[in-house]
Amino acid sequence: MTYFEVDPSAIDRFADQLGRFRASATAVVEFIDIYQSMETVEEVGGQGLLNYFWLGHSDHVHRAQTRMRCTDTVAFLAELGFRDAAGFYRRTDLAAAERLDRSYPGARPAESEWVGNTPPEALRFEDRYDPREHLHKPEAGELQPKAAALASGVGAIADGSSMSWWARQILIEVVGRDPIKDVIEAFSGDWEAVARLAEGWMRCASTVSAMRSTMSHADEALNMVWKGNAADAAVDFVQRLTDATLLEVRYFEYLYEISKAHIDIAYFGYEMINYLAGELLDLLAEAIIAFLTSGTVAGPVFVGIWAVVDAIIFVVDTVRRIYHGYRVAAAGIGRPYGDEEPDFAMERLYGLDANNLPVSYQHPALR
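Count along the sequence shown starting at 1, add 1, and that's the number in this note's numbering.
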């Protein structure tokens, strides 16, 4: 520290910015309640693969709400802490405040990445835009084509096979299992609803990313209006808050990738099954025609039927197994953050003060 300087009104403006940051966090929690909640998931339907999705999604909703409520709490307590700091400087003689500042433990905040490049509005602790603009009703987005193909494709398989009811009865008699029934049970449901849930997580990610953007210049802005040991500690807190907010962005991107993986895996299985189902019905038709015209069916045709049935059953069972262990499966198709969710650093930004009251940022003189 080379000298002491403070502008209480600027600290109050930063507290206002924290209040807006908190309002955005609250809006994300409300968005999750409306569009990502268990009531929404129940509308997805399906008793096969989508049942596995439902089981995982319930935990994701709970964790997302927990993390964003924590973000809300940290911002609320920090807003109070910075307002208290501004009040302390207003009622304390500047010379006395400087003497006290020399006694505070020093902090070593990182140098702001925006030194010399902070926009004028950021120096005034003004937001360039409202992060909540991202929070509108989600659509299926970029996953819509695959989700629609799953929905229409399974319906087409069901319609086509119902016209060949006789062929499916033959399968039950000859093979002992109706693979088309397995396909319909496994893949039925509203896949576009899953795509909307995935898009909902991405909207949350975009909102939290915008929240971080509004705070990204705050450390440099505080450095311009407040200097000393207490200021260094405040800047260090702001930088840790910004870093923790980035991890919340990563968490929502992580949830998006998991939802996307469910659609990608199902779509991959559907494409194989769609081809195999067509082959199976062709082979069955060939077998029936041969039997009606000659009274016999060539051995290779029966072998082909068995092979295709086994292949369909294998694909359905494999996709089910992948869904059962979807964390590993999602990592295998490119989930960017591995099997573990991003660190929950936000919860380490608040605790209890000497009076066992919750606190995040607190001025050294007020501890």
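Glycine included, every Cβ here is placed at the ideal spot set by N, Cα and C. For clarity, every value in this text was computed on a predicted model and none was experimentally measured.
Closest by C-alpha distance to residue 180, out of 274, 79, 67, 352, is 274. The Cβ atoms of residue 79 and residue 90 lie no closer than 8 angstroms to each other.
A distance below 8 angstroms separates the beta carbons of residue 226 and residue 11. In this structure the stretch 275-282 does not touch the stretch 234-250; the number of beta carbon pairs closer than 8 angstroms is below three. Taking a C-beta distance under 8 angstroms as the contact criterion, residue 212 and residue 132 qualify as a contact pair.
Proximity of the stretch 26-40 to the stretch 258-269 falls short of the contact definition, fewer than three beta-carbon pairs being nearer than 8 angstroms. When the Cα atoms are used, residue 284 and residue 26 turn out to be separated by approximately 58 angstroms. Residue 29 is positioned such that its CB atom lies closer than 8 angstroms to that of residue 209. Residue range 95-104 is occupied by the alpha helix (DSSP H) that includes residue 101. Straight across, the Cα-Cα distance linking residue 303 with residue 288 is about 8 angstroms. Nearest in C-alpha terms to residue 33, of all of 205, 127, 313, is 205.
Spatial neighbours of residue 231 in its own chain (CB-CB distance under 7 angstroms, excluding positions within 5 residues in sequence) are listed in chain order as 102, 105, 364, 365. Residue 225: member of the alpha helix (DSSP H) spanning 219-226, first to last residue. With contacts defined by Cβ atoms closer than 8 angstroms, residue 146 and residue 201 do not form a contacting pair.
Straight across, the Cα-Cα distance linking residue 61 with residue 135 is about 20 angstroms. DSSP assignment within the stretch 121-163 yields the following whole alpha helix (DSSP H) runs of 4 residues or more, N-terminal first: 121-124. Excluding residues up to 5 positions away in sequence, 113, 236, 239, 240 lie with their Cβ nearer than 6 angstroms to the Cβ of residue 220 in the same chain. Counted as a single uninterrupted DSSP element, the stretch harbouring residue 4 is not any alpha helix (DSSP H), since DSSP gives it neither H nor E. Looking at the DSSP output, residue 359 shares a beta bridge with 353. Beta-carbon to beta-carbon, residue 148 and residue 264 are separated by about 6 angstroms, close enough to satisfy the 8 angstroms threshold.
Residue 49 carries a coil assignment under DSSP once its states are collapsed to helix, strand and coil. A straight line joining the alpha-carbon of residue 22 with that of residue 203 spans about 19 angstroms. In the three-state scheme derived from DSSP, where H, G and I count as helix and E and B as strand, residue 230 is classed as helix. With respect to the 8 angstroms criterion, residue 270 and residue 320 are classified as neighbours on the basis of their beta carbons. Its chain contains 222, 225 as the residues whose beta carbon lies nearer than 7 angstroms to that of residue 124, once the 5 sequence neighbours on both sides are disregarded; these appear in chain order. The shortest CA-to-CA distance from residue 107 to any of 234, 66, 346 is the one to 234.
Of all alpha-carbon atoms in 35, 266, 215, 118, the one lying nearest the alpha-carbon of residue 144 is that of 266.
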